[in-house]
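So the protein sequences, as listed, match chains A and B.
Using our numbering, the first residue of the first sequence is number 1, and each one after it goes up by one.
Using our numbering, the first residue of the second sequence is number 52, and each one after it goes up by one.
Data first, discussion second: the structure below is written as structure tokens.
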Amino acid sequence: MSSPNTQPEADEGNLGALPNAPLAMPKQVLTSASWFSLRKFTWPRAIKTGH
Amino acid sequence: MGRTAGRSGAFIPRTLGLALSALAASGAFMLFLQFGWSDGLDAMDIVRSAFILISTFWLAWGAVQAVLGLLSQPRPPKLPPFNGLNSKTAILVPVYNEDPVTVYSRIAAMDASLKATGYARHFHFAILSDTRNDDVAEQERIWFGRLVDECDGAGRMFYRRRTNNKGRKAGNIEDFFQRAGGAYDFALILDADSLMEGTTIVEMARRMEAEPELGLLQTLPKVTRAKARFGRAMQFSASFHSPIFARGLAMMQGDTGPFWGHNAIVRSRAFAESCGLPELPGKPPFGGHIMSHDYVEAALLARAGWIVRLDDDLEGSFEEGPENIIDHAKRDRRWCQGNLQHSKIVGAPGLRSWNRFVFIQGILSYISPLFWLGFIVSSIFAPWFAPPVNYFPVEGWPFPVFPSDETWKAIGLAIGIFGLLFLPKLLVAADAALSGRARAFGGTGNALSSTLMELVFSSITAPILMMFQTRSVLQVVFGADGGWPTNNRGDGTLGVGESWTATWWIVLTGAVVLATTWFLAPGLVPWLLPIAVPMIVAPFIVSWTSKSSRTNLFITPMDLNPAPVMQRQDRILAAWQGPVSASVVTQPAPSGSGVTPA
Chain A
1 MSSPNTQPEA DEGNLGALPN APLAMPKQVL TSASWFSLRK FTWPRAIKTG
51 H
Chain B
52 MGRTAGRSGA FIPRTLGLAL SALAASGAFM LFLQFGWSDG LDAMDIVRSA
102 FILISTFWLA WGAVQAVLGL LSQPRPPKLP PFNGLNSKTA ILVPVYNEDP
152 VTVYSRIAAM DASLKATGYA RHFHFAILSD TRNDDVAEQE RIWFGRLVDE
202 CDGAGRMFYR RRTNNKGRKA GNIEDFFQRA GGAYDFALIL DADSLMEGTT
252 IVEMARRMEA EPELGLLQTL PKVTRAKARF GRAMQFSASF HSPIFARGLA
302 MMQGDTGPFW GHNAIVRSRA FAESCGLPEL PGKPPFGGHI MSHDYVEAAL
352 LARAGWIVRL DDDLEGSFEE GPENIIDHAK RDRRWCQGNL QHSKIVGAPG
402 LRSWNRFVFI QGILSYISPL FWLGFIVSSI FAPWFAPPVN YFPVEGWPFP
452 VFPSDETWKA IGLAIGIFGL LFLPKLLVAA DAALSGRARA FGGTGNALSS
502 TLMELVFSSI TAPILMMFQT RSVLQVVFGA DGGWPTNNRG DGTLGVGESW
552 TATWWIVLTG AVVLATTWFL APGLVPWLLP IAVPMIVAPF IVSWTSKSSR
602 TNLFITPMDL NPAPVMQRQD RILAAWQGPV SASVVTQPAP SGSGVTPA
């Protein structure tokens, strides 16, 4: 699902007194091998549950 | 991973919307096929029927949204009694070569509005600059000092400028979360031209606190401050029609969106966990950074189980729009590339099926003009492909068999298509007149006149916009990257000369199409005139519509009663742009204000 996070680039000016409280933003997987290999294709919940 | 989204309720509207659109499209397809069949079916009849099928589906889809929107009312979610806020929210203002004075006057106005609620201590402002122009960046830093001074914003207002614009706006926001996101429960993402009432911002934070599974809450921003004819027509439409269409859209989207990239609040942890955007493989326009990141972020939040919702009952959310057709087309070029780029993402693993559909819908919205264009071109060339009429199709039968008269079917089809185009807006106008909503738009008479004039206006400008959109699609398909041009948010008045430079190719295309039709299918000329004439006089239309509007039409509620936050911004901007400002420009930023000199 994720890949190692990249470090932000250097800045000119910074967030000054803002707390240093980093949140990791793992890179998401967005591409699949092909359009038709949708193994994790999710059906609408209503169809799955029947109501 | 996030929480499992709790409620949807979107199944019935979705099914109804898709079924009705498919029904209208297949009906139009069959009618046109019968129409073509009357003189013998040929390949061009099938091609034209296919174009009609897709185009009608798209039109019906828009009409269904309006009808669904009309059948419901904006309803706030059920919340526990409000006992004050316990959260901290960062208000993010990404800027990119904008006029800092105007942008900061909006921040000062929102800050004052928040102070009036008594909850200002729960909110910090972070100006996230991606500005490339050093002179503008210098002004950003200088004016930041005044902003902090006047708002007593030390420790609450921050500024930083990236030297590397990696990932554009999405990268700018991502950079914030990677540095300071953990200090805030929520982040309100704005655009440089966004303006929101303090009460609305507090209410959004309250809703986020009350619903722990809510990952993103989108408001419906109203377009304001338009002055030009084009801008005012768009503003009226956005204020009068869009809320109804958006409500229909929200009913169908349910818990999976939409997110329009600004005037929306996100849960920091959910956003950080779910919305780290990778670069897409390959070169731009399809590869590289994701341009229309908002739709993708909504899909990723929904994939992780978070609710992504539009609350259209929230008022007090504003933005500004392009003032002329050229600026609109420039913005549309960027959106076009972003939406077509989604063709690489639509198959991403694990996405909710409706988010996939939203990607397809976005792609269709940009390629649909090509289907209309295809229909027009194939109709012009259709007589070449039509077989000669055979009056004696039955061998040995001595009497001629005349083709059946399908005129009424053709007229019915035309009425149906025009109905899908115009009826939703007319229904919205009728609903506004009956419900009393029209009073806020200058009264029923004014609202109805404005609706009719907007229909005329959009009919005249539609062929020009269709041509720009077609060019954008072709540019993207053939690999041209539109880059990241700065938005023009100032006075957008255009002369005929400037308009000619931007539209001469539309004029030429219109003339060639009309001449070709005259030679090949003269019977189609009257049908083509409403499209060809606006194209041929495009420079005049573009220039005329960019001029300041002096009519009483297109009045919106914000014209008659500007929101308190708009009035605050007017006062602040007037003071800052006054004669005193000249001396302020040279003041350095105060110490401890959060700005670090370059």
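Idealized CB from N, CA, C, for every residue including glycine.
Local Cβ density within 10 Å of residue i, reported as buried at 16 or more and exposed below that
{"i": "Q628 (chain B)", "result": "exposed"}
{"i": "N663 (chain B)", "result": "This structure gives no information on residue 663 (chain B), because the portion of chain B shown stretches from 52 to 649."}
{"i": "S77 (chain B)", "result": "exposed"}
{"i": "K273 (chain B)", "result": "buried"}
{"i": "F310 (chain B)", "result": "buried"}
{"i": "D306 (chain B)", "result": "buried"}
{"i": "E191 (chain B)", "result": "buried"}
{"i": "L351 (chain B)", "result": "buried"}
{"i": "F195 (chain B)", "result": "buried"}
{"i": "E446 (chain B)", "result": "exposed"}
{"i": "T512 (chain B)", "result": "buried"}
{"i": "F436 (chain B)", "result": "exposed"}
{"i": "T458 (chain B)", "result": "exposed"}
{"i": "F422 (chain B)", "result": "buried"}
{"i": "R126 (chain B)", "result": "exposed"}
Paired residues, beta bridge with residue i - DSSP
{"i": "T307 (chain B)", "result": "B:V359"}
{"i": "P145 (chain B)", "result": "B:L179"}
{"i": "R318 (chain B)", "result": "B:F237"}
{"i": "Q412 (chain B)", "result": "Partner(s): none; Q412 (chain B) has no beta bridge."}
{"i": "M518 (chain B)", "result": "M518 (chain B) pairs with nothing; no bridge assigned."}
{"i": "Q269 (chain B)", "result": "B:A315, B:L361"}
{"i": "Y210 (chain B)", "result": "B:I178"}
{"i": "K450 (chain B)", "result": "One detail in the question is off: residue 450 (chain B) reads as Phe in this sequence, not Lys. Paired residues: none, contrary to the question."}
Beta-carbon contacts of residue i that lie in its chain and below 7 Å, excluding the five residues immediately before and after
{"i": "A301 (chain B)", "result": "L361, D363"}
{"i": "I341 (chain B)", "result": "A221, L328, L331, V347, Q392"}
{"i": "I295 (chain B)", "result": "A117, G120, L121, V479"}
{"i": "F80 (chain B)", "result": "S100, I103, L104"}
{"i": "L71 (chain B)", "result": "A111, V115"}
{"i": "W551 (chain B)", "result": "P590"}
{"i": "R276 (chain B)", "result": "E371"}
{"i": "S600 (chain B)", "result": "K278, A279, R280, R283"}
{"i": "V359 (chain B)", "result": "G266, L267, D306, T307, G308, F310, A349, L352, A353"}
For residue i, the nearest candidate out of the options (CA to CA)
{"i": "N603 (chain B)", "options": "B:N497, B:A238, B:L571", "result": "B:N497"}
{"i": "F519 (chain B)", "options": "B:L503, B:S600, B:R385, B:V428", "result": "B:R385"}
{"i": "A284 (chain B)", "options": "B:G372, B:T552, B:R212", "result": "B:G372"}
{"i": "D482 (chain B)", "options": "B:L624, B:S123, B:S523", "result": "B:S123"}
{"i": "I592 (chain B)", "options": "B:S416, B:R219, B:A489, B:I515", "result": "B:I515"}
{"i": "F174 (chain B)", "options": "B:D185, B:V253, B:K217", "result": "B:V253"}
{"i": "T214 (chain B)", "options": "B:R207, B:T560, B:N223, B:K476", "result": "B:N223"}
{"i": "L271 (chain B)", "options": "B:S293, B:V616, B:T250", "result": "B:S293"}
{"i": "E225 (chain B)", "options": "A:P26, A:P19, A:L18", "result": "A:P26"}
{"i": "A171 (chain B)", "options": "B:K460, B:K139, B:V616", "result": "B:K139"}
Neighbourhood of residue i by C-beta, 8 Å cutoff - its chain only, sequence neighbours within 5 removed
{"i": "P451 (chain B)", "result": "Y442, F443"}
{"i": "S501 (chain B)", "result": "F287, F291, F492, G493, L604, F605, I606"}
{"i": "F426 (chain B)", "result": "R99, F102, I103, S106"}
{"i": "R318 (chain B)", "result": "D236, F237, M259, L265, G266, L267, W357"}
{"i": "L472 (chain B)", "result": "L110"}
{"i": "W595 (chain B)", "result": "R280"}
{"i": "N184 (chain B)", "result": "N148"}
Beta-carbon proximity check, residue i vs residue j, cutoff 9 Å
{"i": "F227 (chain B)", "j": "A141 (chain B)", "result": "yes"}
{"i": "D181 (chain B)", "j": "V146 (chain B)", "result": "yes"}
{"i": "I158 (chain B)", "j": "F133 (chain B)", "result": "no"}
{"i": "T544 (chain B)", "j": "E324 (chain B)", "result": "no"}
{"i": "A256 (chain B)", "j": "L130 (chain B)", "result": "no"}
{"i": "A61 (chain B)", "j": "Q304 (chain B)", "result": "yes"}
{"i": "G367 (chain B)", "j": "M247 (chain B)", "result": "yes"}
{"i": "G299 (chain B)", "j": "G68 (chain B)", "result": "yes"}
{"i": "P128 (chain B)", "j": "A261 (chain B)", "result": "yes"}
{"i": "L424 (chain B)", "j": "T554 (chain B)", "result": "no"}
{"i": "H379 (chain B)", "j": "F508 (chain B)", "result": "no"}
{"i": "G312 (chain B)", "j": "D242 (chain B)", "result": "yes"}
{"i": "L506 (chain B)", "j": "S156 (chain B)", "result": "no"}
Chain-order list of residues whose beta-carbon lies under 6 Å from that of residue i (same chain, five-residue window excluded)
{"i": "P608 (chain B)", "result": "A491"}
{"i": "F410 (chain B)", "result": "H393, V397"}
{"i": "G87 (chain B)", "result": "D96"}
{"i": "A163 (chain B)", "result": "R619"}
{"i": "Y417 (chain B)", "result": "C387, N390, V524"}
{"i": "L499 (chain B)", "result": "A480"}
{"i": "A572 (chain B)", "result": "I431, P434"}
{"i": "L579 (chain B)", "result": "T568"}
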